[in-house]
Amino acid sequence: MPKVEIEAERCKSCGICLTVCPRKVLKIGSKANSKGYYFVEAAQPDACIGCALCGMVCPDIALKIYK
């Protein structure tokens, strides 16, 4: 089962990953990292198909996808 892992401290909440996810797995969370950014979290982790589009477009390399 595919899994997306988010490195909260690297995420700056740009939202690019949200726009490319075909299954709308990710959302901007309600918790902030140490820099004050509300980092991305998996809203629907079971919906992930492991396409890794989110990880490819992330400018901060904050996402890891496991198949």
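Residues in the sequence shown are numbered consecutively from 1, following the working numbering.
Cβ coordinates follow ideal geometry from the N, Cα and C atoms, glycine included.
Please report the straight-line C-alpha distance between residue i and residue j, rounded to a whole angstrom.
i, j, result
"Tyr-37", "Asp-60", "13 Å"
"Leu-18", "Ile-65", "14 Å"
"Ile-49", "Met-1", "8 Å"
"Val-40", "Cys-11", "7 Å"
"Cys-14", "Lys-67", "25 Å"
"Val-97", "Val-4", "It is not possible to answer for residue 97, since the shown part of the chain is limited to 1 through 67."
Is the beta carbon of residue j closer than 9 Å to that of residue i?
i, j, result
"Ala-8", "Lys-31", "yes"
"Ile-6", "Ala-42", "yes"
Can you check DSSP and say which residues form a bridge with residue i?
i, result
"Val-40", "Ile-28"
Once DSSP output is grouped into helix, strand and coil, what is the label at residue i?
i, result
"Ile-65", "strand"
"Ile-6", "strand"
"Ala-47", "helix"
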